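Visitor:
Protein chains in written order, with this note's numbering: chain A, 33 to 145; chain B, 2 to 113.
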């Protein structure tokens, strides 16, 4: 059974903290994505990566950075957490070539207080 | 910016009824149209997908209807059940793009 695993289901962090969200996939996929999901706004792309050490900004990259040192792992970093970054964060992966299924992790519910 | 417009934002149906969710797109290069189902507290998962060489695809109670000329596709859920209550996302992508484009989602509630 293919898997995308996010390291935490729930996180509570304080304003100003540096936050790391980890994602690991076991499908040898080239493409990996970080989305945030908010009510009424759907899935908004933060960053994506199409290869190791390669990254591209998505629609809402401000306040975030990413790291992909290994093919199976894609990390999302909140440099200085703020309350408006309270959200559900979803990691996804997909094989190279756009016309294929994306596989999602179970999500991380982040609350910044 | 590539967009997929999804409607309605929310939908309430009675058990046994038909649920219909619609999506429209602009980019004629899209060649893969999946629907994802997301239960509360879970990530989205592929429900059913279609490619533009067919006009309809059916899997159990779930059917995608695809209208290439109108650049529209829809999800029909026949005999809707309370267990179908979830958020549904349509999406579209091309072979030449890394990024799938998602609709904003439809929250479906099926009343017993």
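We treat Cβ as the ideally placed atom computed from N, Cα and C, and that holds for glycine.
For clarity, every value in this text was computed on a predicted model and none was experimentally measured.
What residues from chain B crowd round residue 133 of chain A, counting only those whose CB sits closer than 8 Å?
Guide: 35, 47 and 50
Visitor: Can you give me the start and stop residues for the beta strand (DSSP E) that residue 23 of chain B sits inside?
Guide: 20–26
Visitor: In this structure, does DSSP put residue 83 of chain A in helix, strand or coil?
Guide: strand
Visitor: From the DSSP output, in three-state form, read off residue 9 of chain B for me.
Guide: Secondary structure at residue 9 of chain B: coil, using DSSP grouped into helix, strand and coil.
Visitor: Against chain A, with Cβ distances strictly below 7 Å, would residue 85 of chain B count as a contact?
Guide: The C-beta of residue 85 of chain B comes no closer than 7 Å to any C-beta of chain A.
Visitor: Rank B/78, B/112 and B/34 by C-alpha distance to the C-alpha of residue 54 of chain B and give the top, closest one.
Guide: B/34
Visitor: Measuring CA to CA, which of A/66, A/117 and A/112 is closest to residue 75 of chain A?
Guide: A/66
Visitor: Does any residue of chain B bring its CB to less than 7 Å from the CB of residue 96 of chain A?
Guide: Judged by the 7 Å Cβ criterion, residue 96 of chain A is not in contact with chain B.
Visitor: Residue range of the beta strand (DSSP E) that residue 120 of chain A falls in?
Guide: Note, residue 120 of chain A: beta strand (DSSP E), 119–126.
Visitor: I want to verify the contact list: residues of chain A whose CB lies under 7 Å from the CB of residue 8 of chain B, in sequence order.
Guide: Those within 7 Å of residue 8 of chain B in chain A number zero; the least Cβ separation is about 12 Å.
Visitor: Could you check if residue 124 of chain A is buried or exposed, using at least 16 other CB atoms within 10 Å of its CB as the buried criterion?
Guide: buried
Visitor: Put residue 85 of chain B into one of helix, strand or coil per three-state DSSP.
Guide: helix
Visitor: Return yes when the Cβ of residue 21 of chain B is within less than 7 Å of the Cβ of residue 36 of chain B, no when it is not.
Guide: no
Visitor: How should residue 63 of chain A be labelled, buried or exposed, when 16 other C-beta atoms within 10 angstroms of its C-beta is the threshold for buried?
Guide: buried
Visitor: List, in order along the chain, the chain B residues whose C-beta lies closer than 9 Å to that of residue 63 of chain A?
Guide: Proximity of chain B to residue 63 of chain A at the Cβ level (cut-off 9 Å) is accounted for by 99 and 100, in chain order.
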